[in-house]
Amino acid sequence: MDTLLESPARLDVDNITVAYNDAPVLREITFQVPHGARVAVVGPNGAGKSTLFKALVGLLPLRSGKIFIHNLPLGHHLDCVAYIPQREEVDWQFPVTVADVVLMGRFGHQKWLQRPGRTDREVAQKSLEQMGIAEMADRSISDLSGGQQQRVFLARALAQEPHIFLMDEPFTGVDAITQGATLALLDHLRQQRVTVLISTHDLNLAASRFDSVLLLNRRLIAFGEPKSVFTPENLTQAFGSQLLKLTDGMVLVDDCCPPAEEEIQKGKLL
Amino acid sequence: MILILQPLQYAFMVRGLLASVMVGMLCAVMGTYVVLRGMAFLGDAMAHAILPGVAIAFLLHGNLLVGAIIAAVIIALSIGLFSKGGVVKEDTAIGILFAAALSLGVALISSIQTYAVDLSHILFGNVLGVSESDLWLTAGLGLLVLVSVALLYKQFLVISFDPILAATLRLPGELLRNLMLVLLALTVVVSLQTVGVGLAAAMLVTPAATAYLLTRRLWPMMLVSASIGAFSSLVGLYLSYYLNIVSGSAIVLVATVIFLVVFLFQPRRGFLRKKR
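These protein sequence lines are chains R and S, in that order. The end of the first sequence is residue 490 by my numbering, with every number in the run present. The end of the second sequence is residue 298 by my numbering, with every number in the run present.
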């Protein structure tokens, strides 16, 4: 894997269209993220943020276009992208412990019939410690609070030792400790030169804590530094009627509650 | 003591005991995935769908188990095929295939002279009619399934718990799911001898559901489930001997009683201490 880090390392999304059944959710998206950058993915409910992430890990087929990681097509390296799903997507009643879940992050580093070895356990242990849940290692995941559950998945993603880290709404509905741990993790990942893409509804956070913002609503509206992206024109384009324009030029966005996007995705099962 | 040993003087009883314990354990282990992945309906359907294979084997004077295996594998793979890409929902695909296969099976069996007796053996099992070759076949298939489950523990765990991670790790999800269906099919086939078509689903689901209430990791769940499966089979068969009732029913009823006791009294997720 070392040679990969030396090659022009980045994420290249080249004109992709992603669809569930016939309806395209994302149309003709093109952008490039340099290695180690921190990107906030922002857009209204149903904008296709989760869809973008799922396409990036190869969960959804591309209708057209290509995705390159380190100049190689998606799927070339196994353990390069870690995806942290929204909490609602996980079966928390499944009989696994915290340590079991984190060790799953190591499966990409093991051969098919190989059992987790010492290195795997050490990496898993370190990830648990970093997320402050080492003492919960033997607890069942169903016994944890929402924030703790999220940290379990962050620890697992960390154990994957990825080059690209995708987090779907990690700041929605979690406690302060988990938010703090997530933000601390972001700083750690920057040191490790890991690329991070996070979808969020918190525009202030996006503006203050990220190198760039990707504004999305079914298509790419703007991508660049927060200052250049968060213009009234762009926000109007992205959020439309959810915006309230005040006379002094202030813009308010009323946008929370993620389920809308999920319903679109579940639509494919009907 | 004499009550336990006395039935063992009959060779058919010994074979029956061996068969039912093996089946009980095997079903219980595969059953953990059935319970966790919500495949109970599939397991039940598969048991019924095997009927035409058994009937054809019977008509051709072949080995019933071999006929069942062939039918089961065909059904398992066609369910995968029909529901692929979401054209037809999986449970709809199962419903169609299951009813069609059951009808075909009953139609074939109804052409046999001794219709009623044979049908009841197939529907409810005939553990005391297990031959030595059946026993070997059961042991062989059981070993095959258990070894596969052990070797692919990691993969099956990931595709069951987190299909998204499985996809990011580029696990061949479809292949693994089909393999799991085939293993389930083999398990169901083996279970036909002891509990029959009608009750195979119960042997898959009941011990595993009980174990789910008692454990919080997958492999202990499998071990506990297997123990409950074996124990129910053993006790059920003795009950069937002494009370002169159908063995399959006795086995399933014992498993159900264990489930009910655990459901009411277990400390973690039990009914009487339900949190939510």
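For every residue, glycine included, the Cβ atom is placed at its ideal position computed from N, Cα and C. Please read these numbers as outputs of a predicted model, since none were measured by experiment.
Residue 415/R has a beta carbon lying at 7 Å or more from every beta carbon in chain S. At a C-beta separation below 7 Å, residue 328/R has these neighbours in chain S: 191. In the displayed model, residue 267/R falls within coil according to three-state DSSP, outside both helix and strand.
The Cβ-Cβ distance between residue 51/S and residue 244/S falls below 7 Å. With a threshold of 16 other beta carbon atoms within 10 Å, residue 388/R meets it and is buried. Among the CB atoms of chain S, none fall inside 7 Å of the CB of residue 244/R. A straight line joining the alpha-carbon of residue 433/R with that of residue 337/R spans about 39 Å. Taking all protein chains shown into account, residue 114/S has fewer than 16 neighbouring C-beta atoms within 10 Å of its C-beta and is therefore exposed.
Residue 287/S does not reach chain R, its nearest Cβ partner there being about 19 Å away, counting only Cβ pairs nearer than 8 Å. If the five residues before and after residue 198/S are omitted, its C-beta is found closer than 6 Å to the C-beta atoms of 177, 181, all from its own chain and listed in chain order. Contact of residue 239/S with chain R is assigned, a C-beta pair being separated by under 7 Å. The Cβ neighbour count for residue 279/S, taken over all protein chains shown within 10 Å, is under 16; the residue is labelled exposed. In the assembly as shown, residue 32/S is an exposed residue. Its beta-carbon has fewer than 16 other beta-carbons within 10 Å. For residue 176/S, the residues of chain R that pass the 7 Å Cβ criterion are 327, in the order they occur in the chain. Contact with chain S is absent for residue 452/R, since none of that chain's Cβ atoms lies less than 7 Å from the residue's Cβ.
If only complete runs of 4 or more residues are kept, the region 232-278 of chain R shows the alpha helix (DSSP H) at 269-276, in order along the chain.
Scanning the region 381-430 of chain R from its first residue to its last, the whole alpha helix (DSSP H) runs of 4-plus residues come out as 396-411, 423-429. For residue 212/S, the uninterrupted alpha helix (DSSP H) run begins and ends at 195-213, by DSSP. For residue 282/R, the uninterrupted beta strand (DSSP E) run begins and ends at 282-289, by DSSP. Between residue 205/S and residue 171/S the beta-carbon gap is near 7 Å, inside 8 Å, which marks them as a contact. As computed with DSSP, residue 234/S is found in no beta bridge at all. When DSSP states are grouped into helix, strand and coil, residue 216/S belongs to the coil group.
Interface residue (Cβ-Cβ distance to chain S less than 7 Å): residue 277/R is classified as such. Our two residues, residue 369/R and residue 311/R, have alpha carbons roughly 11 Å apart in a direct line. In terms of Cβ geometry, residue 209/S and residue 48/S form a close pair [threshold 7 Å]. Beta-bridge annotation (DSSP): residue 302/R is paired with 385/R. Bridge pairing for residue 439/R: 437/R [DSSP]. One thing to note: residue 459/R has its Cβ no nearer than 7 Å to the Cβ of residue 260/R. Interface annotation, residue 303/R: in contact with chain S, CB-CB separation under 7 Å. With at least 16 other beta carbons inside 10 angstroms of its own, residue 327/R counts as buried.
For residue 243/S, the residues of chain R that pass the 9 Å Cβ criterion are 315, in the order they occur in the chain. Residue 341/R: member of the alpha helix (DSSP H) spanning 338-350, first to last residue.
Residue burial is scored here from C-beta neighbours: residue 377/R has at least 16 other C-beta atoms within 10 angstroms and is therefore classed as buried. Of all alpha-carbon atoms in 70/S, 228/S, 192/S, the one lying nearest the alpha-carbon of residue 60/S is that of 228/S.
Distance between residue 417/R and residue 64/S, taken at the CA atoms: about 39 Å. The beta carbon of residue 281/S is closer than 7 Å to those of 228, 231, 232 in its chain, skipping five residues each way along the sequence.
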